[in-house]
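Inspection log for the structure reproduced underneath, given as structure tokens.
Chains as they are written, first to last, in this note's numbering: chain A, 1371 to 1570; chain B, 1371 to 1570.
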């Protein structure tokens, strides 16, 4: 619809996830028309980010060094490993400030429909880490969906025989949510996983 | 939350309109992790787009040449000028294939709250174009909101004394819409602008 370079810019933005044609157009016009905005910064980052970002040799987290900041941090307890699907999940868990152990990124979840079996995930490096006897608990923090549950079940069967404590994130009602609008599976899980109220 | 360059990339995407922190994170991960995606194309466009895109010296449309493709097109009728707020509006109108005249981009609408008065808009160049007596009709296609209506009223008062036909885009029910869900102002306009049904 537009001439030359402008349309190319709109098309390139439209190729990014979550950006539709209208948003791409809005962004492109912003770049052209907003004097205070400097597009060269983003251009430079796009050219350099891949070369400067790599994956932690221990846990698979995203890092600019051979080992990520969490694996190198001497204050983290080394007896707990929290297993997640993606590096993004580490950031979400870190935001809670409730976990001070280490992580392990699988790189996805078991999903036969997408052709992803256990061999495509970083399960062998996880078992390798478990040879170190300082680890006593594995927290399975895969997503609470079909693929995540399948992956958690698979890992639990694999790890429990090693004599480690294996735990799974609790399922239940989201905090601030409304019981009336909770789906029946979540509400069922909340009932199943109910915790006893102790007298104060 | 992330290390170095990755966080910078997320921040830069977050500065674009309509991209929140979550979307910015998703896009940044896509760029890092999708092997088939080449970010250098977008980087190059970001570096070149501003220098290669400029505004048509006649109508103010976005173009890579001194005059835009519409102004140069000998098949367009030169007796009608459609006045729009932004260059994007031209694309929307062109998509209808209902208009074969020329355009004039104001560069915004009168909005005292944002400090935009008539002097900040491309109204003088419009009046300059009207000196050419081939122009017989001005179609005011500013947005159907407070600012757009104010701008249309202002322009109508300015142009009508020149003896030109001044028209405004119709307001009414959107096609495919539902009368029940139309707001009262739109429905009022639809009633006001009702058209007579002639027997077939």
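In this text, a Cβ means the ideal position worked out from N, Cα and C, and glycines have one as well.
Pair within 8 Å by beta-carbon distance, residue i and residue j
| i | j | result |
| --- | --- | --- |
| residue 1466 (chain B) | residue 1507 (chain B) | no |
| residue 1475 (chain A) | residue 1462 (chain A) | no |
| residue 1453 (chain A) | residue 1511 (chain A) | yes |
| residue 1556 (chain A) | residue 1543 (chain A) | yes |
| residue 1520 (chain A) | residue 1480 (chain A) | yes |
| residue 1504 (chain A) | residue 1459 (chain A) | no |
| residue 1490 (chain B) | residue 1478 (chain B) | yes |
| residue 1541 (chain B) | residue 1563 (chain B) | yes |
| residue 1433 (chain A) | residue 1554 (chain B) | no |
Top-ranked residue by Cα proximity to residue i, from the options
| i | options | result |
| --- | --- | --- |
| residue 1525 (chain B) | B:1487, B:1552, B:1543 and B:1550 | B:1487 |
| residue 1455 (chain B) | B:1391, B:1492 and B:1551 | B:1492 |
| residue 1393 (chain A) | B:1383, B:1401 and B:1550 | B:1383 |
| residue 1424 (chain A) | B:1406, B:1443, B:1402 and B:1425 | B:1402 |
| residue 1537 (chain A) | A:1545, A:1523, A:1546 and A:1548 | A:1523 |
| residue 1411 (chain B) | A:1386, A:1548, A:1371 and A:1473 | A:1386 |
| residue 1357 (chain B) | B:1483, B:1484, B:1528 and B:1445 | Because chain B spans 1371 through 1570 in this model, residue 1357 (chain B) falls outside it and cannot be assessed. |
| residue 1426 (chain A) | A:1532, A:1497 and A:1473 | A:1473 |
| residue 1502 (chain B) | B:1533, B:1546 and B:1485 | B:1533 |
| residue 1514 (chain A) | A:1565, A:1443, A:1528 and A:1559 | A:1559 |
| residue 1561 (chain B) | B:1570, B:1569 and B:1549 | B:1549 |
| residue 1391 (chain A) | A:1407, A:1500 and A:1371 | A:1371 |
| residue 1528 (chain A) | A:1545, A:1551 and A:1500 | A:1500 |
Burial state of residue i, where buried means 16 or more other Cβ atoms lie within 10 Å
| i | result |
| --- | --- |
| residue 1567 (chain A) | exposed |
| residue 1409 (chain A) | buried |
| residue 1431 (chain A) | buried |
| residue 1530 (chain A) | exposed |
| residue 1435 (chain A) | exposed |
| residue 1496 (chain A) | buried |
| residue 1419 (chain A) | buried |
| residue 1451 (chain A) | buried |
| residue 1509 (chain A) | buried |
| residue 1483 (chain A) | exposed |
Heavy atom of the ligand NAP within 7 Å of residue i beta-carbon
| i | result |
| --- | --- |
| residue 1419 (chain A) | Among the components modelled here there is no ligand, and therefore nothing to report on the ligand NAP. |
Which of helix, strand or coil DSSP assigns to residue i
| i | result |
| --- | --- |
| residue 1469 (chain B) | coil |
| residue 1497 (chain A) | helix |
| residue 1403 (chain B) | helix |
| residue 1480 (chain B) | coil |
| residue 1535 (chain A) | strand |
| residue 1441 (chain B) | helix |
| residue 1565 (chain A) | coil |
| residue 1512 (chain A) | coil |
| residue 1434 (chain A) | coil |
| residue 1389 (chain B) | coil |
| residue 1600 (chain A) | Since the first residue of chain A shown is 1371 and the last is 1570, residue 1600 (chain A) is not available in this structure. |
| residue 1461 (chain A) | helix |
| residue 1454 (chain A) | strand |
| residue 1424 (chain A) | strand |
| residue 1419 (chain A) | helix |
| residue 1475 (chain A) | strand |
| residue 1554 (chain B) | helix |
| residue 1414 (chain A) | helix |
| residue 1507 (chain A) | strand |
Report yes or no: do three or more beta-carbon pairs, one from the region 1428-1444 of chain A and one from the region 1387-1406 of chain A, lie closer than 8 Å?
-> no
At least three beta-carbon pairs within less than 8 Å, the region 1375-1387 of chain A to the region 1409-1418 of chain B = yes
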